[in-house]
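Read through the structure below, which is laid out as structure tokens, and then see the notes.
Numbering (the numbering used here), first residue to last: 508 to 587.
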């Protein structure tokens, strides 16, 4: 499974009257933003993440080495 990793510095301010101010910095790029909700912060953070690399499609009839385990998306890993 591919892993994506990025670091963020998050400063969350709870202002008078219950307003929020959230400042976020993407450590690797230095990009910064200021938003007013946790939802907006999460959206911005996800937009900064690199895309998940896709494995190239297997050719028809290509065999998978026995040491490679595959799992369907709907497989929870438990015995049915």
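All C-beta atoms, glycine included, are put in the ideal place defined by N, C-alpha and C.
Remember, it's a predicted structure, so these values are computed and weren't measured experimentally.
DSSP places residue 545 outside any beta strand (DSSP E); the residue lies instead in the alpha helix (DSSP H), whose first and last residues are 545-555.
A direct Cα-to-Cα measurement between residue 558 and residue 541 gives close to 23 angstroms. Each residue's CA atom was taken as its position, placing residue 521 and residue 510 some 33 angstroms apart. Here residue 562 is exposed: its Cβ has fewer than 16 other Cβ atoms, across all protein chains shown, within 10 Å. By the Cβ-count criterion, residue 554 is exposed, with fewer than 16 other Cβ atoms from all chains shown falling within 10 Å of its own Cβ.
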